[in-house]
Amino acid sequence: MLGFLKEPVVVTAKINVNLVALTVMGLISRLWGLCYPRAVVFDEVYYGQFVSLYMKRIFFVDDSGPPFGHMLLALGGYLGGFDGNFLWNRIGAEYSMNVPVWSLRLLPALAGALCVPLAYQILVELHFSHCAALGAALLILLENSLITQSRFMLLESILIFFILLAVLSYLKFYNLQKHSAFSGSWWFWLLLTGVACSCAVGVKYMGLFTYMLLLAIAGLHFWHMIGDQNLSNVSLLCHFLARGLALIIIPMGMYLSFFYVHLALLYRSGPHDQIMTSAFQASLEGGLARITQGQPLEVAYGSQITLRNVLGKPMQCWLHSHTNTYPIRYENGRGSSHQQQVTCYPFKDVNNWWIVKDPGMQQLVVSNPPRPVRHGHIVQLVHGITTRYLNTHDVAAPLSPHSQEVSCYIDYNISMPAQNLWRVEIVNRESDTDVWKTILSEVRFVHVNTSAVLKASGLSGASLPEWGYRQLEVVGEKLSKGYHQSMVWNVEEHRYGKSQEQKEREVELHSPTQMDISKNLSFMAKFTELQWKILTLKNEDTEHKYSSSALDWITMDTNIAYWLHPTSGAQIHLLGNVATWASANAAALVYLCLSLWYLLRRRRKIYDIPEDAWQLWVSAGGICGGGWAVNYLPFFLMEKTLFLYHYLPALTFQILLIPVVLQHLGHHLCRSVLLKSMFSALIVAWFSSVYFVYCTFSPVTYGQPALSLTELKALRWKDTWNILIRKQ
């Protein structure tokens, strides 16, 4: 029974020493002196704010992309015990003792370090020699720009890690296809491909470029499988479903999960939620939720309401009126109705309250039972404090002369009758009998007499002059001019009016609501709104000192100063290894020229290289050259402020192309022993130059040691580089 104990238990394992050594060197290069400098470095001032908000569970919106990357940075802060208390207001600010600098920078550094062995593995899976794979890994290891970007609380190194992991996983899956289809390892690498792709997209939308590339390659490979007569229809269907599940369904599910966790963590109201709809704001703890909790759901005749414009940018505002009237004549000589002003006011105020009145009745209170207002009903809107009716007529608006003036009607006993009937149109209705709901319903008010729509035109133009207290203009806009969100309103605060007397009503308007009803949004509703805001919300793109164009990146005609020591000459710059960048450009050019040459020759039935070498050349180009193209060329179409670090994912793929081209040249063009020897010597000399450039620029990669004035000037290899030199 215990006979197995007579023999020792032996475990054998294969250890790739190259891989271990590269991993260790990658960790040393990225983790050494990680806490230096103990000050805010470049975009840490940006990402640090989000980390603090995560620590305090305060909701925010970042238009730069999905939340997964931010959550990873926040995880570093959480593991380090960060409480979120730090003022991220300027680059170079010294970190206080409660900020765990090493922990916050750890995950980007680990991701950057692991890119080194990933590069090695990718070349191996592409069936290149271990020597070529080692060269690719060493080039990634010694690339100054990748080192700099991975040593701080930034997202590019994490993005590149997931991109390379996705590529490696797909290559491993593909190489198992012929002999181990549907095996455990086959499933593992296929599923890991989808997971890595979703993580890349979740960090930054730039990850979509590589994801689309891998989907295209997977589609091409499946197309070739369709032509394989050895595969049955059932087998092909299983392959198709497996790829659909792993490469589409699971990434979509994971992408949703990033937002689910994000919204679950950030449940408190904060400064960013004002751009969200009232329904979204009301779902957050504090802020609007404290005001709207317990409000009646259905708007009825006699309801007291505030109307918030749905557009919400560049600022939120509410329909507002006050006792002041429009001037008899404007500055340009045009006349007005001299009626009571109606504006859109960007602050909560008692003058934002309106009463929904039934035109056929005089009462301004809610009946028992309440009579709800439905889509298509005609209402009058009575200003709560002044009791004047919302009105529009064929008089030009003060700032928009082609639109109608909106006012609260004053009877001057002249030939200008009141026109105060409005039709309620629920834009997001499910049926034509929908009830107008607090917060949830988005409504338009269409003027019955003129068919003009109530619009907050001031959100897209100038504010009113001094006579209008710099508030935003509200107009009646003709429906023929098209739909715009500034025409849509929602009820934000709501109570059922009980007081018919004006003095009692004014007291009521100042008091909080008491009734209780829940208005929690579903996750999908919150996700849809947040996703739309991320895609459409654009900050004002201003010219930055270190912004650049995509053309500047190839030749590295630009750099970014990340940090400058307040007293010494120590500084950190995003600068690449010049030798590597030049070699990557040369490799891309050689690959393109050789590919065109081979294609032309093959068209003439002349085969310069064996078929297996040609397939290797094409597949490597599809991954490395295609990866460079899809991560670089789209930037020529983008209207946003660009920086050198946007090029780093494309550069990584281009670096992988260098050993591909070198091995091809050595095996197929250098055919004599003498040529091979000379070629090997040139590679050694070239790699020595790469190492020399790395060492030369390492003081501005790591920020130490501090350089003298002469040494700093010597590093300005290009006139376009902005090396910071203090005036003596």
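full-length UniProt numbering applies: residue 1 is where the sequence shown begins, and numbers increase by one. Glycine included, each C-beta is placed from N, C-alpha and C at the ideal position.
Residue span of the beta strand (DSSP E) that contains residue i, given as start and end
i: tyrosine 345; result: 340-345
i: arginine 423; result: 422-426
i: lysine 455; result: 452-455
i: residue 766; result: What is shown of the chain runs 1 to 728, which leaves residue 766 out entirely.
i: asparagine 309; result: 303-309
i: glutamate 477; result: 475-478
Where residue i falls: helix, strand or coil (DSSP)
i: tyrosine 409; result: coil
i: tryptophan 717; result: coil
i: leucine 574; result: strand
i: aspartate 394; result: strand
i: tyrosine 562; result: strand
i: valine 350; result: helix
i: proline 649; result: helix
i: serine 400; result: coil
i: serine 235; result: helix
i: glutamate 7; result: coil
i: histidine 544; result: coil
i: tryptophan 318; result: strand
i: histidine 447; result: strand
i: valine 195; result: helix
i: threonine 567; result: coil
i: lysine 56; result: coil
i: alanine 13; result: coil
i: glutamate 442; result: coil
i: proline 634; result: helix
i: proline 359; result: coil
i: glycine 335; result: strand
i: asparagine 324; result: strand
i: leucine 665; result: helix
Contact under 8 Å by Cβ, residue i with residue j
i: valine 234; j: threonine 277; result: no
i: histidine 375; j: glutamate 425; result: yes
i: alanine 93; j: alanine 21; result: no
i: residue 732; j: alanine 584; result: The chain is shown only over 1 to 728; residue 732 falls outside these bounds and no answer can be derived.
i: leucine 479; j: tryptophan 422; result: no
i: alanine 579; j: serine 689; result: yes
i: tyrosine 170; j: proline 296; result: no
i: tyrosine 598; j: aspartate 612; result: no
i: leucine 537; j: isoleucine 122; result: no
i: cysteine 197; j: phenylalanine 68; result: no
i: alanine 706; j: histidine 565; result: yes
i: tyrosine 260; j: arginine 57; result: no
i: glutamine 419; j: threonine 392; result: yes
i: threonine 433; j: valine 491; result: no
Supposed close pair residue i, residue j - CB separation, criterion 8 Å
i: valine 203; j: leucine 146; result: About 16 Å; that fails the 8 Å criterion.
i: glycine 468; j: leucine 454; result: Not confirmed; about 17 Å, so no contact.
i: alanine 650; j: tyrosine 632; result: 4 Å
i: cysteine 35; j: tryptophan 102; result: 5 Å
i: valine 693; j: leucine 715; result: Valine 693 to leucine 715, Cβ: 11 Å. No contact.
i: asparagine 559; j: leucine 142; result: Rounded, the Cβ-Cβ distance is 18 Å, inconsistent with contact.
i: glycine 625; j: leucine 213; result: No, glycine 625 and leucine 213 are not in contact; Cβ-Cβ is about 11 Å, not under 8 Å.
i: asparagine 351; j: serine 321; result: 6 Å
Segment limits, alpha helix (DSSP H) that includes residue i
i: residue 781; result: The requested residue 781 does not occur in the structure, where the chain is confined to residues 1 to 728.
i: glutamate 529; result: 523-536
i: histidine 130; result: 130-141
i: glutamine 380; result: Run containing glutamine 380: none in the alpha helix (DSSP H); it sits in the beta strand (DSSP E), 378-383.
i: glycine 253; result: 250-265
i: aspartate 552; result: 550-554
i: methionine 678; result: 673-702
i: methionine 638; result: Where methionine 638 is concerned, there is no enclosing alpha helix (DSSP H), given that its DSSP letter is neither H nor E.
i: histidine 484; result: Counting along the chain, histidine 484 falls outside any alpha helix (DSSP H), and DSSP gives it neither H nor E.
Cβ shell of residue i (< 7 Å), same chain only, five flanking positions each side left out
i: histidine 338; result: Thr325, Tyr326, Ile328
i: isoleucine 725; result: Leu709, Leu712, Lys713
i: leucine 703; result: Note that residue 703 is glycine in the sequence shown here, rather than leucine. Answer for glycine 703: Tyr36, Pro37, Trp563, Ala570, Gln571, Ile572, listed in chain order.
i: leucine 521; result: Ala279, Phe280, Ser283
Spatial neighbours of residue i in its chain, beta-carbon cut-off 6 Å, leaving aside the 5 residues before and after
i: valine 51; result: Leu73, Ala74, Gly77
i: phenylalanine 636; result: Ala550
i: tryptophan 581; result: Met556
i: serine 518; result: Model confidence at serine 518 stands at a pLDDT of 40, short of 50, so the residue's coordinates are unreliable; what they give is reported in the following sentence. Excluding sequence neighbours, serine 518 sits near nothing in its chain.
i: leucine 190; result: Phe173, Ala246
i: valine 41; result: Phe152, Tyr562, Trp563
i: isoleucine 723; result: Leu712, Leu715, Arg716
8 Å Cβ shell around residue i - same chain, five flanking residues per side excluded
i: arginine 470; result: Ser463, Leu464
i: isoleucine 226; result: Leu236
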